[in-house]
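Per my numbering, the very first residue in the sequence shown carries number 339; after that it's consecutive.
So the structure is just underneath, and the comments pick up after that.
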Amino acid sequence: MDHTTLGDSGIRVSKIALGTMTFGDQNTQQDADNQLDFALSQGINFIDTAEMYPVPPRAETVTQTETILGHWIKKQARDRFVLASKVAGPRRGMQWIRGGPSGMDRANIRQAVHDSLTRLQTDYLDVLYLHWPERNVPMFGQYQFDPRAERDASGQPLNWVPIQTQLEVLDELIREGKVRA
Numbered sequence: 339m340d341h342t343t344l345g346d347s348g349i350r351v352s353k354i355a356l357g358t359m360t361f362g363d364q365n366t367q368q369d370a371d372n373q374l375d376f377a378l379s380q381g382i383n384f385i386d387t388a389e390m391y392p393v394p395p396r397a398e399t400v401t402q403t404e405t406i407l408g409h410w411i412k413k414q415a416r417d418r419f420v421l422a423s424k425v426a427g428p429r430r431g432m433q434w435i436r437g438g439p440s441g442m443d444r445a446n447i448r449q450a451v452h453d454s455l456t457r458l459q460t461d462y463l464d465v466l467y468l469h470w471p472e473r474n475v476p477m478f479g480q481y482q483f484d485p486r487a488e489r490d491a492s493g494q495p496l497n498w499v500p501i502q503t504q505l506e507v508l509d510e511l512i513r514e515g516k517v518r519a
């Protein structure tokens, strides 16, 4: 398996990652364990997950992927693989992710990382993504999108968190050792 360095992070990853978005819905713990073991045996060391998985996201299954992955991780040497997860950003219709439609503010990012680390049974994530970052633009080509509905009476975006704030909390998490990149 070919490997490469992830940006300038110094983290070496396989050029193929194992996605886990079906663990907990279409795949059982045993299925997941078998897939993860096989991937590692083939030189795949990059594992991708997210707090909102499995897909399709539903209240009764949300976070199950990280929980299943955590059971497997607990039995592994943590330095054998690179683990990436994602913080679910503003979401319409998914009130059951961290209690509702919250933004990418400091408290929500920190809570998401804390909860992911707990479910994954690890002390750190190698890579952290913002899944659907703050953007205040049409989502997935929704032609009916009305940007005025996303703003208050003065024209300011509702629940908008500046990208600088989001980057600052990510930097804090890196400095604290909870995230590597």
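Cβ coordinates follow ideal geometry from the N, Cα and C atoms, glycine included.
8 Å Cβ cutoff met for residue i and residue j
i, j, result
"residue 465", "residue 422", "yes"
"residue 342", "residue 407", "no"
"residue 404", "residue 448", "no"
"residue 372", "residue 419", "no"
"residue 459", "residue 516", "no"
Which of helix, strand or coil DSSP assigns to residue i
i, result
"residue 492", "coil"
"residue 347", "coil"
"residue 517", "strand"
"residue 425", "strand"
Span of the beta strand (DSSP E), counted from its first residue to its last, around residue i
i, result
"residue 355", "355-357"
"residue 385", "384-386"
"residue 465", "465-469"
Residue i: first and last residue of the uninterrupted alpha helix (DSSP H) it sits in
i, result
"residue 419", "Taken as a continuous stretch (DSSP letters only), residue 419 belongs to no alpha helix (DSSP H), as it is neither H nor E."
"residue 410", "402-411"
"residue 363", "Residue 363 -> no alpha helix (DSSP H), and no H or E assigned at all."
Closer than 8 Å to chain D by CB, residue i
i, result
"residue 344", "Among the chains of the structure shown, chain D does not appear; only one protein chain is present."
Nearest-angstrom beta carbon gap, residue j and residue i [assumed within contact, 8 Å]
i, j, result
"residue 361", "residue 370", "4 Å"
"residue 528", "residue 469", "Because the chain spans 339 through 519 in this model, residue 528 falls outside it and cannot be assessed."
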